[in-house]
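Residue numbers (the numbering used here): 499 to 871.
We treat Cβ as the ideally placed atom computed from N, Cα and C, and that holds for glycine.
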Amino acid sequence: MDGKPILRGVIGALIACLFVGSTYAFSIGTSPGVLDIGEVDPGRTYDFEFYLLTNSDRDLIVSLGYKSPQLDLFRKNHTDVYRFIPKESSNAEISSWVKFPQNPTVVTSTPGPLIYVGGQPIRPNGKALVSLAVPEDAEPCYYIGTIDISPRIVGAGAGTGVGTIGITRFTFVFKVRGEVTGSYRDGIVVDMEGEREADDKARIDVLYKNTGVCTELVYVDRLSIFKDVGGYVTTTKSGPTRVEPGETKVLSTYWVGKDMKPGNYRAQATVNYFTGYTYGEKPIVIPEIITRPPPPGGVLLAGPCGIPTDIILILAAVLLIIYWLDFDRKWLLLVLATIVIIVVGSILMCNMLPWWAILLPVFFVFLYFYWKS
Numbered sequence: 499m500d501g502k503p504i505l506r507g508v509i510g511a512l513i514a515c516l517f518v519g520s521t522y523a524f525s526i527g528t529s530p531g532v533l534d535i536g537e538v539d540p541g542r543t544y545d546f547e548f549y550l551l552t553n554s555d556r557d558l559i560v561s562l563g564y565k566s567p568q569l570d571l572f573r574k575n576h577t578d579v580y581r582f583i584p585k586e587s588s589n590a591e592i593s594s595w596v597k598f599p600q601n602p603t604v605v606t607s608t609p610g611p612l613i614y615v616g617g618q619p620i621r622p623n624g625k626a627l628v629s630l631a632v633p634e635d636a637e638p639c640y641y642i643g644t645i646d647i648s649p650r651i652v653g654a655g656a657g658t659g660v661g662t663i664g665i666t667r668f669t670f671v672f673k674v675r676g677e678v679t680g681s682y683r684d685g686i687v688v689d690m691e692g693e694r695e696a697d698d699k700a701r702i703d704v705l706y707k708n709t710g711v712c713t714e715l716v717y718v719d720r721l722s723i724f725k726d727v728g729g730y731v732t733t734t735k736s737g738p739t740r741v742e743p744g745e746t747k748v749l750s751t752y753w754v755g756k757d758m759k760p761g762n763y764r765a766q767a768t769v770n771y772f773t774g775y776t777y778g779e780k781p782i783v784i785p786e787i788i789t790r791p792p793p794p795g796g797v798l799l800a801g802p803c804g805i806p807t808d809i810i811l812i813l814a815a816v817l818l819i820i821y822w823l824d825f826d827r828k829w830l831l832l833v834l835a836t837i838v839i840i841v842v843g844s845i846l847m848c849n850m851l852p853w854w855a856i857l858l859p860v861f862f863v864f865l866y867f868y869w870k871s
């Protein structure tokens, strides 16, 4: 049985789904782009608004939602259009502080009357209302947040798609008043411990304590492991973890490979909290026996460095189907190569890349070979 027509039909249908309905494009933005609320008091609620502008010739319904800010904003002082000092800022999750009295909101195709926002004249198409409820125990730090806008056409029926060519998020900043004793953002490496999870896998935990007054987002930027007698062995890192003031949390890194041997080692950790670094060095021991086995499972996203067995099983099924349909041998090799890429990627790039970053290139490789054939 020749399965090539079937494959062409399936891929053609998938490609068509990507483009069918994406026939209407527009842009939508906000004014101001950034709002500096200023200093606020704990325990109070503050209402503010921003305007929506669009070039759409159809009315839109816009849904509003809070989004955490990009972490790059915490690497540079902003004192021109708005004031935000990263070294005095908090990485606390503030999504529960933000409410929208009217959500979704309507954005009309007809611009409104001329108004001035930040000294600039605009004709807004709509307005969004936001309520910020600051808790009594809010940390006396700077905060920054963004609001995502998701538009859809009013009255659009099934099958009507929207190809949006531009969306601008709204950003707001503020500072909570309060007395600060000590550093805004600081921390120390309290301890480091080694555990063995498998024959070729060890976990090195870095215990980090937040000694500042603002919540921090921290990660092990570099953990270098050296032989107790000898030289450099390997380097690993961890994913980000949110640590509140006075709290101590474990930042787990993983050493995977055949060179992972039991014994005495020396670990040097560099912990990054986005506005600074702290360092720690300590002897660690990797035991001969498995002291902390990983949790059972094999589920996608089951844990750091976990191999996604769900995806591998699906690919194995695809492999059998390709074999049954008697496809060209190169398709079998492609699927086998995909399985190898996923397994190797899950081991070498743990805590570094999301799964779509590994699977997306694989998809384009399949697409390329399909068109070449």
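Between the alpha carbons of residue 849 and residue 695, how many angstroms are there, rounded? Its pLDDT being 42, under 50, residue 849 is placed unreliably in this model, and the value from its coordinates should be taken loosely. About 17 angstroms.
DSSP has residue 665 in a bridge; who is on the other side? 526
Looking at C-alpha atoms only, which residue of 736, 641, 666 and 759 is the closest neighbour of residue 647? 666
Those runs of the beta strand (DSSP E) which lie wholly inside the stretch 679–707 and span at least 3 residues: 685–696
When we look at the beta-carbon of residue 736 and count the other beta-carbons within 10 Å, is it buried (16 or more) or exposed? buried
Distance, residue 642 Cα to residue 577 Cα: 13 angstroms
Check this for me: beta carbons of residue 590 and residue 742, under 9 angstroms apart or not? yes
Strand pairing of residue 650, partner residues [DSSP]: 559
Run through DSSP, which three-state label would residue 619 get? strand
What number of angstroms, rounded off, separates the C-alpha of residue 726 from the C-alpha of residue 701? 18 angstroms
So what does DSSP say about residue 584, is it helix, strand or coil? helix
Assuming contact is defined by CB atoms lying nearer than 9 angstroms, are residue 677 and residue 789 in contact in what I supplied? no
Rounded C-alpha distance that separates residue 604 from residue 768: 49 angstroms
Only counting runs of 3 or more residues, tell me where the beta strand (DSSP E) segments fall wholly within the stretch 601–645, in order along the chain. 603–605, 613–615, 618–620 and 624–631
Within 10 Å of its beta-carbon, does residue 656 have 16 or more other beta-carbons around it, so buried, or fewer, so exposed? Caution applies to residue 656, whose pLDDT of 45 falls short of 50 and renders its modelled position unreliable; the value that the coordinates give is listed next. Flag for residue 656 reads exposed.
Decide if residue 815 is buried, meaning its Cβ has at least 16 other Cβ atoms within 10 Å, or exposed. exposed
Starting from residue 722, follow the beta strand (DSSP E) in both directions and report where the run begins and ends. 714–725
Output the boundary residues of the beta strand (DSSP E) element that contains residue 770. 761–770
Candidates 781, 728 and 645: closest to residue 873 by CA position: The chain is shown only over 499 to 871; residue 873 falls outside these bounds and no answer can be derived.
Between 786, 772, 784 and 766, which has its C-alpha nearest residue 778's C-alpha? 766
Could you check which residue in 832, 632, 614 and 608 has the C-alpha nearest to that of residue 623? 608
Measuring straight from C-alpha to C-alpha, what distance separates residue 537 and residue 638? 10 angstroms
Taking 8 angstroms as the cut-off, does the stretch 697–714 touch the stretch 534–552 (at least 3 CB pairs, one atom from each stretch)? no
If you draw a straight line from the alpha carbon of residue 565 to that of residue 669, how long is it in whole angstroms? 10 angstroms
Would you call the CB atoms of residue 716 and residue 780 closer than 9 angstroms? no
Within 10 angstroms of its Cβ, does residue 672 collect 16 or more other Cβ (buried), or is it exposed? buried
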